[in-house]
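Novice: Have a look at this one.
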Amino acid sequence: ARNLVKRFGHPANWMRRSSLVHAVSDVSLAVARGETLAIVGESGCGKSTLGRLLLRLLNPTEGQVFFEGEEITALPPAQMRALRSRLQIIFQDPFASLNPRMSVRQILAEPIRLHRIETGSAVNDRVDELMRRVGLRADWADRYPHEFSGGQRQRIGIARALAGGPKLIVGDEPVSALDVSIQAQVINLLEGLKGDFGLTLVIVAHDLAVIRHMSDRVAVMYLGEIVELAEADALYEAPLHPYTAALLEAIPVSDPARRGERALLQGDVPSPTAPPSGCRFHTRCPHARPRCTSDHPVLETVEGGRQVACHFWREIQSAGVSAPVAGE
Ligand code: SF4
Ligand code: MG
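Sequential numbering from 10 applies to the sequence shown in full-length UniProt numbering.
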């Protein structure tokens, strides 16, 4: 993705510039084949929008999207449909995303037929196979979505994403609607399928804990911008951006004695219709200085190929402030 911008107009007053939602502002990133990239931030930071832009489920206001070296930003609908089987999404709410009037077999058969993966009776065999691959019994395919638990429905959502033979799957908070006890199972399933099917994954999440062990790299977004992008291990060990540090500190810790030490993120994310001037994080940043209110920090590449957008990250690091107390 190159210099992606997405603005949404409010339908009631689309002519007023001040009502535009700046969902994604000048985001560039590359996802390598076979990689798992996590996009993390609080709700309203633009991460779901970015995920949909990468799949071209949304068209960017500005900028370009490439897939396997080919620009797909302005691909005509017929060509985009042909590519759709390669670019798939798993939704946050597995119930809302499954048609309640269709059996699971019908839900899974649709993309198989549409993308001509199989025809005739081989479609049913393929459905059975997909059910087994996501850990469900093949004979359950004739049931309806409401007959399954939340975790099982998300497995069906994953099977549907797999049905057309995808290369890139974006999971939009794929486990955040599930019970904590089920989350790890679904994450493990995704990791296993990634290897088996040769997938590239982009996982959108609001919680750094959930995606810790499955991510190769993590992009942290705040108010439409990437503020830090790094290898997962490096990021969890030593976050460079104050916002990343705050998100890590928000991970629940089991030891009550350590809770007092943690500086939790204060306040809400400002409105994306009027992002703060200068550094967009300055209204909540514990390290903000006068320069931060006027001067917009750009995402720069620093040691180890990490990227960070903060004027003072070096000073903050060398002062040793806010060493993360990330819960395992
Ligand atoms: Fe905080 Fe300033 Fe860095 Fe923004 S630029 S994260 S306000 S120190
Ligand atoms: Mg979202």
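Using N, Cα and C, we set each Cβ at its ideal position, and we do this for glycine too.
Which term fits threonine 310, buried or exposed, when burial requires 16 or more other beta carbons within 10 angstroms of its beta carbon?
Specialist: Within the sequence shown, the letter at position 301 stands for residue 310. Result: exposed.
Novice: So, is phenylalanine 100 buried or exposed, given that buried needs 16 or more other C-beta atoms within 10 angstroms?
Specialist: Stepping through the sequence shown from its first residue, residue 100 is reached at position 91. With 16 or more Cβ atoms within 10 Å of its Cβ, phenylalanine 100 is classed as buried.
Novice: Can you list, in chain order, the residues of its chain with a C-beta nearer than 8 Å to that of aspartate 277? Leave out the 5 residues immediately preceding and following it.
Specialist: What you label residue 277 is simply residue 268 of the sequence shown in a count that begins at 1. So no residue of the chain qualifies.
Novice: If you draw a straight line from the C-alpha of proline 120 to the C-alpha of methionine 230, how long is it?
Specialist: Locating residue 120 in the sequence shown gives position 111, counting from the first residue. Locating residue 230 in the sequence shown gives position 221, counting from the first residue. Whole-angstrom Cα-Cα distance: 32 Å.
Novice: What's the call for arginine 141, buried or exposed, on a 16-neighbour Cβ count within 10 Å?
Specialist: Residue 141 sits at position 132 when you count from the first residue of the sequence shown. Arginine 141 should be labelled exposed.
Novice: Tell me whether glycine 60 is buried or exposed, calling it buried when 16 or more other Cβ atoms sit within 10 Å of its Cβ.
Specialist: Mapped onto the sequence shown, residue 60 falls at position 51. Around the beta-carbon of glycine 60, 16 or more other beta-carbon atoms lie within 10 Å, marking it buried.
Novice: Terminal residues of the continuous beta strand (DSSP E) containing valine 101?
Specialist: As a position in the sequence shown, residue 101 is number 92, starting the count at 1. Here residue 101 is glutamine; the residue named in the question, valine, does not match the sequence. Counting along the chain, glutamine 101 falls outside any beta strand (DSSP E), and DSSP gives it neither H nor E.
Novice: At a cut-off of 8 Å, would you count arginine 300 as near ligand 1, judging by its Cβ distance to the nearest heavy atom?
Specialist: One-based indexing of the sequence shown puts residue 300 at position 291. Checking the Cβ of arginine 300 against ligand 1 gives yes.
Novice: In terms of residues, what are the limits of the beta strand (DSSP E) holding asparagine 68?
Specialist: The residue given as residue 68 occupies position 59 in the sequence shown. Per DSSP, asparagine 68 belongs to no beta strand (DSSP E) and is neither H nor E.
Novice: What's the call for aspartate 181, buried or exposed, on a 16-neighbour Cβ count within 10 Å?
Specialist: Counting from one through the sequence shown, the residue named residue 181 turns up at place 172. Around the CB of aspartate 181, 16 or more other CB atoms lie within 10 Å, so the residue is classed as buried.
Novice: With a threshold of 8 Å (Cβ to nearest heavy atom), would valine 236 be considered close to ligand 2?
Specialist: For this step, residue 236 is matched to residue 227 along the sequence shown. Result no, Cβ not under 8 Å from ligand 2.
Novice: Please say whether cysteine 288 and proline 306 have beta carbons closer to each other than 9 Å?
Specialist: Sequence index remark: in the sequence shown, residue 306 carries index 297 (1-based). Sequence index remark: in the sequence shown, residue 288 carries index 279 (1-based). Yes, these two residues count as a Cβ contact at 9 Å.
Novice: Are the region 45-52 and the region 220-237 in contact at 8 Å, needing three or more beta carbon pairs?
Specialist: yes
Novice: Give me the pocket residues for ligand 1, defined as CB within less than 5 Å of any heavy atom, sorted by chain position.
Specialist: Pro251, Cys288, Phe290, His291, Cys294, His296, Ala297, Cys301, Pro306, Cys319, His320, Phe321
Novice: Are leucine 139 and glutamine 163 close, meaning C-beta to C-beta below 9 Å?
Specialist: In the sequence shown, counting from the first residue as 1, residue 139 sits at position 130. In the sequence shown, counting from the first residue as 1, residue 163 sits at position 154. Going by C-beta atoms, leucine 139 is not nearer than 9 Å to glutamine 163.
Novice: For cysteine 249 versus arginine 293, is the C-beta distance shorter than 9 Å?
Specialist: Taking the sequence shown and counting its residues from 1, the one referred to as residue 249 is at position 240. Taking the sequence shown and counting its residues from 1, the one referred to as residue 293 is at position 284. Strictly speaking, residue 249 in this sequence is leucine, with cysteine absent from that position. Going by C-beta atoms, leucine 249 is not nearer than 9 Å to arginine 293.
Novice: Going along the chain, which residues of its own chain have a beta-carbon closer than 8 Å to the beta-carbon of proline 69, five neighbours each way excluded?
Specialist: Here residue 69 refers to the residue found at position 60 when the sequence shown is read from its first residue. Leu13, Val14, Lys15, Val33, Leu62, Thr82, listed in sequence order.
Novice: Do serine 52 and ligand 2 come close, with the Cβ less than 8 Å from some heavy atom?
Specialist: By 1-based counting over the sequence shown, the position of residue 52 is 43. Yes, ligand 2 has a heavy atom inside 8 Å of this Cβ.
Novice: Note down, in chain order, each residue of its chain lying with its Cβ closer than 6 Å to the Cβ of tryptophan 322, except the 5 sequence neighbours on either side.
Specialist: Stepping through the sequence shown from its first residue, residue 322 is reached at position 313. Cβ neighbours of tryptophan 322 beyond the five flanking positions: Leu249.
Novice: Classify arginine 95 as helix, strand or coil using the three-state DSSP reduction.
Specialist: Translated into positions along the sequence shown, residue 95 becomes position 86. Coil.
Novice: Would you mind giving the Cβ-Cβ distance between glutamine 97 and alanine 170, rounded to the nearest angstrom? I have them listed as a contact below 8 Å.
Specialist: For this step, residue 97 is matched to residue 88 along the sequence shown. For this step, residue 170 is matched to residue 161 along the sequence shown. That pair is a contact at about 4 Å.
Novice: Nearest CA to the CA of arginine 42: which residue from Val195, Phe206, Gln275, Arg135?
Specialist: In the sequence shown, counting from the first residue as 1, residue 42 sits at position 33. Looking at the Cα atoms, Phe206 is the closest of the given residues.
Novice: Quick check on the DSSP output: the beta strand (DSSP E) that includes threonine 209 runs from which residue to which?
Specialist: Here residue 209 refers to the residue found at position 200 of the sequence shown. It spans 209-214 - the beta strand (DSSP E) in which threonine 209 sits, taken as one unbroken run.
Novice: Rounded to whole angstroms, what's the CA-CA distance from glycine 55 to serine 130? Just pull it up for me.
Specialist: Sequence index remark: in the sequence shown, residue 55 carries index 46 (1-based). Sequence index remark: in the sequence shown, residue 130 carries index 121 (1-based). Roughly 43 Å between the two C-alpha positions.
Novice: Residue range of the alpha helix (DSSP H) that arginine 122 falls in?
Specialist: Translated into positions along the sequence shown, residue 122 becomes position 113. First-last of the alpha helix (DSSP H) with arginine 122: 113-123.
Novice: Does the Cβ of valine 213 lie closer than 8 Å to at least one heavy atom of ligand 2?
Specialist: Here residue 213 refers to the residue found at position 204 of the sequence shown. Taken from the Cβ of valine 213, at least one heavy atom of ligand 2 lies inside 8 Å.
Novice: According to DSSP, arginine 16 sits in a beta bridge with which residue or residues?
Specialist: The sequence position of residue 16 within the sequence shown is 7, counting from 1. Arginine 16 is bridged to His31.
Novice: Could you tell me which residues DSSP pairs with threonine 45 in its beta bridges?
Specialist: Stepping through the sequence shown from its first residue, residue 45 is reached at position 36. BP columns for threonine 45 point to Leu210.
Novice: Relative to ligand 2, is the shortest distance from any of its heavy atoms to the C-beta of lysine 56 smaller than 8 Å?
Specialist: Position 47 of the sequence shown, counted from the start, is the residue given in the question as residue 56. Distances from the CB of lysine 56 to the heavy atoms of ligand 2 include at least one below 8 Å.
Novice: So the beta strand (DSSP E) tyrosine 231 belongs to, where does it begin and stop?
Specialist: Within the sequence shown, residue 231 is the residue found at index 222, counting from 1. Under the DSSP assignment, tyrosine 231 falls in the beta strand (DSSP E) whose first and last residues are 226-231.
Novice: Would the C-beta of aspartate 304 count as close to ligand 2, meaning under 8 Å from any of its heavy atoms?
Specialist: Position 295 of the sequence shown, counted from the start, is the residue given in the question as residue 304. For ligand 2, not one heavy atom lies less than 8 Å from the Cβ of aspartate 304.
Novice: Could you check what DSSP says for glutamine 316 in three-state terms: helix, strand or coil?
Specialist: Within the sequence shown, numbered from 1, the residue matching residue 316 stands at position 307. Note: glutamine 316 maps to strand in three-state DSSP.
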